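Per the working numbering, the very first residue in the sequence shown carries number 21; after that it's consecutive.
Some notes on the structure that comes next.
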Amino acid sequence: MASIIKKSFYLLMEVNLLFTFVLISYIHIPYFPPIEGILLPVLLAIFIYSFLEKTMKVQTFVLIVFFAPILSIISFAFGYSFILSVVIGSTISWRAFVVFIHGRQLLPRTIFLLTIFWIMFVYFFAVLDKYKYADYLLYLLGFQLLFFLLSRLADSFQRAKVDYTLKGNILKGASYFVGTITIAIIFLSTFGRVIISEGLKSFGWLIGFLFGVLAQPFLYLLSLIDWEYAAVELGEQSSEDEESDVEKWMQEFRDPEAFWDNVIVMAIIFLIIFIVALIYLRKVKVKRLDVEDDVSYNTKTNKWRRKNEWWQKPPKDEVRKLVFDLEKLAYKKGRGRNRNETLEEWLVRESIVSDQFFFLYEKVRYGEMELTEEELILCKELATEIKTTIKKWEKY
21 MASIIKKSFY LLMEVNLLFT FVLISYIHIP YFPPIEGILL PVLLAIFIYS
71 FLEKTMKVQT FVLIVFFAPI LSIISFAFGY SFILSVVIGS TISWRAFVVF
121 IHGRQLLPRT IFLLTIFWIM FVYFFAVLDK YKYADYLLYL LGFQLLFFLL
171 SRLADSFQRA KVDYTLKGNI LKGASYFVGT ITIAIIFLST FGRVIISEGL
221 KSFGWLIGFL FGVLAQPFLY LLSLIDWEYA AVELGEQSSE DEESDVEKWM
271 QEFRDPEAFW DNVIVMAIIF LIIFIVALIY LRKVKVKRLD VEDDVSYNTK
321 TNKWRRKNEW WQKPPKDEVR KLVFDLEKLA YKKGRGRNRN ETLEEWLVRE
371 SIVSDQFFFL YEKVRYGEME LTEEELILCK ELATEIKTTI KKWEKY
């Protein structure tokens, strides 16, 4: 259930971004697009694909084409144009299939940053065109932030559903955060804005008054100076100094030895060399880290071996050998286990949750305990199921 809720928030974030683009076609008219024409197809897609995720054994893209017209009809019934309804229905069907069936959703952070980026441009043109509902874009941004926080909360619940203490801490922190946001919204929407505006106005008046009092003696002293004579004398002197400086610099540029003896020139050259060397070393370091990430995962990499001994030998323990085979198969699909990532974190990230398999692996992880024959048979069956799921992944 936690996985379905988390994926639902992922899909809602993507559809929220889609609604931002839909709003572009309504900027030139004083009309707001019916949000129920997108919300109802999303809810229907969540229900359909979450049901098919558990029952369907074959992953086929035909489902996208099959359900897209149904979702498009709903959008068309709520007042969207025919072409826009087809775009909305096809996009929602495609993204729901990818999120629920395929398990390859976009990162919430990426969606949120894209929303901020595009909403700025759409809001700017909406205000420029004097669109009546331009402020609603800010509400969309607020809902996107809410969906982002709820998706991270659901992800934390999924990771901590065995640890009840951690789950309680997550609930407590979430309730504090939601309570703080609610109080802030109520405060700012009622008498808070009056207090803030009057406070800033009083603060600005006080700063202006203090600087006005302090500036009176200084302005009086400036009024006693004869600026006309000083300006003429300064202009003549500055013109002579400029001519002498220009002649001095021209002489230094003509003389190579004087040019290279200049401290400023040497400092600039040294700074350029230092920046170029720093950029080069940074690129080498980043390239080295990329190579390490591409060719390594936790249980198979050893850099100090010879070329023909690059891959680590499979472990002798049967359970650890099963895990090794799973990681090796996932690496071939381009979705291997990251460094410093536990087995449970890796599988949960890939939407594979098997509490029994995690429990059995933890018992033999450090070699302190052994499994019974029944537990070993169960572990092999669970590993076979996970292996079957990994084989269905597309290669990245």
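Cβ atoms here follow ideal geometry from the backbone N, Cα and C, with glycine treated the same way.
Given the structure is predicted, the values throughout are model-derived calculations rather than measurements.
Quiz item: Cα separation between residue 344 and residue 356?
Solution: 11 Å
Quiz item: Who are the Cβ neighbours of residue 123 in its own chain at under 6 Å, not counting the five residues just before and after it?
Solution: 371
Quiz item: In chain order, what residues of the same chain have a beta carbon less than 6 Å from the beta carbon of residue 84, not counting five sequence neighbours either side?
Solution: 113, 114, 117
Quiz item: Between which two residues does the alpha helix (DSSP H) carrying residue 58 extend?
Solution: 56–75
Quiz item: From which residue to which residue does the alpha helix (DSSP H) around residue 155 run?
Solution: Neither: residue 155 is in no alpha helix (DSSP H) and is coded neither H nor E.
Self-check item: Extent of the continuous alpha helix (DSSP H) run through residue 140
Solution: 128–148
Quiz item: Using a Cβ-Cβ cut-off of 7 Å (strictly less than) and excluding sequence neighbours within five positions of residue 338, which residues of its own chain qualify?
Solution: 396
Quiz item: From 125, 159, 129, pick the residue whose C-alpha is nearest to that of residue 140; which is it?
Solution: 159
Self-check item: chain C contact for residue 139 (CB, 8 Å cutoff)
Solution: Included in the structure is just one protein chain, with no chain C present.
Practice problem: Report the option in 129, 55, 82 whose CA atom is closest to the CA atom of residue 94. | Solution: 55
Quiz prompt | CA nearest to the CA of residue 384, picked from 342, 221, 243, 412 | solution = 342
Quiz item: How big is the Cα-Cα spacing for residue 107 and residue 153?
Solution: 23 Å
Quiz item: Which residues in the same chain have their Cβ closer than 8 Å to the Cβ of residue 409, if we skip the five residues on either side of it in sequence?
Solution: 372
Quiz item: Between the region 55–64 and the region 165–178, are three or more C-beta pairs nearer than 8 Å?
Solution: no
Quiz item: If you check the beta carbons only, do residue 70 and residue 24 fall under 8 Å apart?
Solution: yes
Quiz item: CB-CB under 6 Å to residue 42, same chain, minus the five flanking residues each way: which ones, in chain order?
Solution: 53
Practice problem: Since I believe residue 47 is in contact with residue 196 (beta carbons under 8 Å), could you give me their beta-carbon distance rounded to a whole number of angstroms? | Solution: Their Cβ separation, rounded to whole angstroms, is 39 Å, which puts residue 196 and residue 47 out of contact at 8 Å.
Quiz item: Are residue 363 and residue 381 close, meaning C-beta to C-beta below 8 Å?
Solution: yes
Quiz item: Going by the beta-carbon positions, is the gap between residue 378 and residue 170 smaller than 8 Å?
Solution: no
Quiz prompt | Span separating the alpha-carbon of residue 214 from that of residue 207 | solution = 10 Å
Practice problem: Taking all protein chains shown into account, decide if residue 147 is buried (16 or more other Cβ within 10 angstroms of its Cβ) or exposed. | Solution: exposed
Exercise. Express the C-alpha separation of residue 192 and residue 14 in angstroms, rounding to a whole number.
Key: No answer is possible for residue 14: the residues shown for the chain start at 21 and end at 416.
Quiz prompt | Separation of residue 105 from residue 96, as counted between CA atoms | solution = 5 Å
Self-check item: Three-state secondary structure (DSSP) of residue 33
Solution: helix
Quiz item: Buried or exposed: where does residue 223 fall if 16 or more other Cβ atoms within 10 Å of its Cβ makes it buried?
Solution: exposed
Quiz prompt | Ranges of the alpha helix (DSSP H) found wholly within the region 332–386, counting only runs of at least 4 | solution = 338–352, 363–369, 375–384
Practice problem: Under the assumption that residue 38 contacts residue 111 (Cβ atoms under 8 Å), give the Cβ distance between them as a whole number of angstroms. | Solution: 6 Å
Quiz item: Is the beta carbon of residue 109 less than 8 Å from the beta carbon of residue 88?
Solution: yes
Quiz item: How long is the line joining the alpha carbons of residue 414 and residue 349, rounded to whole angstroms?
Solution: 12 Å
Practice problem: Give the secondary structure of residue 112 by DSSP, where H, G and I count as helix, E and B as strand, and everything else as coil. | Solution: helix
Exercise. Decide if residue 239 is buried, meaning its Cβ has at least 16 other Cβ atoms within 10 Å, or exposed.
Key: exposed
Exercise. Let me know the secondary structure DSSP gives residue 40 once reduced to three states.
Key: helix
Quiz item: For the putative contact between residue 119 and residue 27, defined by C-beta atoms under 8 Å, what is the C-beta separation to the nearest angstrom?
Solution: 5 Å
Quiz item: Using the beta-carbon count (16 or more within 10 Å), is residue 225 buried or exposed?
Solution: exposed
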